[in-house]
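Everything below concerns the one structure shown next.
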Amino acid sequence: MKQSNSNTEFYNKLAAEYDQMISFEKAVENKKKMLVTFIAAEMKLTADLGCGSGVDSIALSSLGLKVNAFDPSSEMIKTAKENAGREGFNIDFYNYSIGSIPDEFKNKFDIAISLGNTFANIPKKKFNISVKKCFNILKKGGILLIHILNYEKVIAEKQRIVNLTEGGSNYFIRFYDFINSEIVFNILSFKKQNPSEHKLISTKLFPYNQSDFRKELKSSGFSAIEFFSDFNLSTFNKEQSKDLILKAVKS
0 MKQSNSNTEF YNKLAAEYDQ MISFEKAVEN KKKMLVTFIA AEMKLTADLG CGSGVDSIAL
60 SSLGLKVNAF DPSSEMIKTA KENAGREGFN IDFYNYSIGS IPDEFKNKFD IAISLGNTFA
120 NIPKKKFNIS VKKCFNILKK GGILLIHILN YEKVIAEKQR IVNLTEGGSN YFIRFYDFIN
180 SEIVFNILSF KKQNPSEHKL ISTKLFPYNQ SDFRKELKSS GFSAIEFFSD FNLSTFNKEQ
240 SKDLILKAVK S
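Oh and the sequence shown: position 4 is 3 in numbering that gives the first Met the number 0, straight run, nothing missing.
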């Protein structure tokens, strides 16, 4: 049986190859197009929650926002700093999970974003704490924007292969194991010229759904809670939508 890593260990191991897997430059351009709809002229400061290698942080900076970026993976933070420096953006990076962001950031941000399925890496015992932290760090009237996969569809269909991508000298296969009521996420990477040279990393996911978010957002004090299937604000359908996008306002 393969060993499952903690979420932080998983991303520490993935950090060196992550940008190859996601096609970094294309990802930044795509995120700029996605996020521009949600950025108002009066917004100045944003929190990027689960910043990974800095794709969303750089996209937000290029849209004119000052960015504070947070991630529990020290190796991802290191990569993100290198990417921001190379691209010429002044972004402040912090090695914190969402739930452990210090009180010095309370009531600070105009908008907080968490894209790329970050919340699926948060254990159940820390889920409500993390949602409440999102509320606490926002200014009154601030906006929370979260993207997560639609796990009701994932669980119903149980399709194991997520995708196959190539980057640099590697191929990457992302796939699931469905074990009883749990979902394990795996990434198998191997060399194009020598497939026997490979690496497999795995971690448990926490498949929060629309109802889970609605409950915790209301409990934390958010209002104007909306759910969409994409960044074009299409109607969410739990049987058909690939993604779950939520938007909420701090009352």
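Beta carbons: idealized from backbone N, C-alpha and C, even for Gly. All values derive from a computational prediction rather than experimental measurement.
Check: Reduced DSSP category for Met-0 - H, G, I as helix; E, B as strand; rest coil; Outcome: Since pLDDT at Met-0 reaches only 48, below the 50 mark, its modelled position is unreliable, and no value is offered.
Check: Burial state of Glu-106 (16 or more Cβ within 10 Å); Outcome: It is Asn, not Glu, that sits at residue 106 in the sequence shown. Result: exposed.
Check: Candidates Glu-165, Val-54, Ala-46, Glu-74: closest to Lys-31 by CA position; Outcome: Val-54
Check: Rounded straight-line distance, which links the Cα of Gln-192 to that of Lys-138; Outcome: 52 Å
Check: Backbone CA spacing between Ser-73 and Ser-52 [nearest angstrom]; Outcome: 10 Å
Check: Euclidean distance between Cα positions of Ile-224 and Thr-117; Outcome: 19 Å
Check: Residue(s) in a DSSP beta bridge with Arg-173; Outcome: Asn-162, Ile-186
Check: Candidates Ser-188, Gly-166, Ile-182: closest to Ile-172 by CA position; Outcome: Ser-188
Check: Residues near Leu-62 in its chain [Cβ-Cβ closer than 7 Å; skip 5 each side]; Outcome: Lys-31, Leu-34, Val-35, Ile-38
Check: Cβ shell of Thr-164 (< 7 Å), same chain only, five flanking positions each side left out; Outcome: Met-20, Phe-171
Check: Straight-line gap, Ser-233 to Lys-241 (C-alpha atoms, nearest Å); Outcome: 12 Å
Check: Where Ser-96 falls, given that 16 or more other Cβ within 10 Å makes a residue buried; Outcome: buried
Check: Inter-residue CB distance, Leu-204 and Ile-182 (contact presumed, cutoff 8 Å); Outcome: 5 Å
Check: Unbroken alpha helix (DSSP H) run spanning Ser-113, endpoints; Outcome: Ser-113 -> not in any alpha helix (DSSP H); beta strand (DSSP E) instead, spanning 108-113.
Check: Completely contained beta strand (DSSP E) runs for the segment 37-118, where each covers 3 or more residues; Outcome: 44-48, 65-69, 91-93, 108-113
Check: C-beta atoms of Lys-246 and Lys-152 nearer than 8 Å; Outcome: no
Check: Own chain, CB closer than 7 Å to Gly-98, minus 5 neighbours either side, in chain order; Outcome: Lys-125, Ile-128, Ser-129, Lys-132
Check: Any non-hydrogen atom of the ligand MN closer than 7 Å to Asn-82 Cβ; Outcome: The ligand MN is not among the ligands present in this structure, which contains no ligands whatsoever.
Check: Outcome for His-146 when other beta-carbon atoms lying within 10 angstroms are tallied against a minimum of 16; Outcome: buried
Check: Nearest-angstrom Cα separation, counted from Gly-49 out to Ile-121; Outcome: 10 Å
Check: Neighbourhood of Met-0 by C-beta, 7 Å cutoff - its chain only, sequence neighbours within 5 removed; Outcome: At Met-0, the pLDDT of 48 sits below 50, so the modelled position is not reliable; the number obtained from the coordinates is stated separately. Once the five neighbours on either side are set aside, Met-0 has no close Cβ partner at all.
Check: C-alpha distance - Leu-64 paired with Gly-87, whole-angstrom precision; Outcome: 14 Å
Check: Whole-angstrom distance between Glu-8 and Asp-91, CA atom to CA atom; Outcome: 23 Å
Check: Within 8 Å, strictly: CB atoms of Phe-108 and Ile-76; Outcome: no
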